[in-house]
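Student: Input: one structure, supplied below.
In this note's numbering, the protein residues as written are 1 to 151.
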């Protein structure tokens, strides 16, 4: 699995979710607890699909889900209460039953974290399923083909 990218490649179709950190996302060290970043990735992923005409709710209505099979986060700087974060997401891989996405989380233009997730399509019983052809083709059109030059 590729490492989290420094930023989207030039051909990437991105989506950016803006998120203001609430107090309850912070921990005893007064920084965003590391587990909350994974939640930010999910919010950004669902936002990405919606923004590009593939609402996650459509998959759910068909009894399908993208189960997280791998998640990797590089924490670069601490985010804190009331920070305004921007979570940029892009699709970088589509296969028959799996997709891969990359993320960059910024605060005022400064990279706070980079991440990457892999997902496998499953039905409601957790059995692997191929992504339906129409959605798979639409996702493939969104997927970047280039590589990032890093930070």
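Glycine included, C-beta positions come from ideal geometry on N, C-alpha and C. The model shown is predicted, which means the values in this text are computed figures rather than measured ones.
1. Between which two residues does the alpha helix (DSSP H) carrying residue 52 extend?
2. Going by DSSP, name the residue or residues bridged to residue 66.
3. Going by the CB atoms, is the gap between residue 139 and residue 94 shorter than 7 Å?
4. Start and end of the beta strand (DSSP E) containing residue 87?
5. Just verifying my parser: in three-state terms, what is the DSSP assignment at residue 77?
6. Pairing CB atoms from the segment 117-126 with CB atoms from the segment 88-107, are three or more of them under 8 Å?
7. Return the chain-ordered list of same chain residues with a C-beta closer than 7 Å to the C-beta of residue 55, the five sequence neighbours on each side being excluded.
8. So residue 37 and residue 19 are in contact, right, with Cβ under 8 Å, and what is the actual spacing, rounded?
9. Please identify the residue among 136, 42, 110 whose C-alpha is closest to the C-alpha of residue 83.
10. Determine the direct distance from the alpha carbon of residue 80 to that of residue 28, and round the result to whole angstroms.
11. What is the residue span of the beta strand (DSSP E) that residue 127 lies within?
Tutor: Walking through what the data contain:
1. Residue 52 -> no alpha helix (DSSP H), and no H or E assigned at all.
2. 121
3. yes
4. 84-94
5. coil
6. yes
7. 49
8. About 11 Å; that fails the 8 Å criterion.
9. 110
10. 11 Å
11. It is not in any beta strand (DSSP E) - residue 127 carries neither H nor E in the DSSP assignment.
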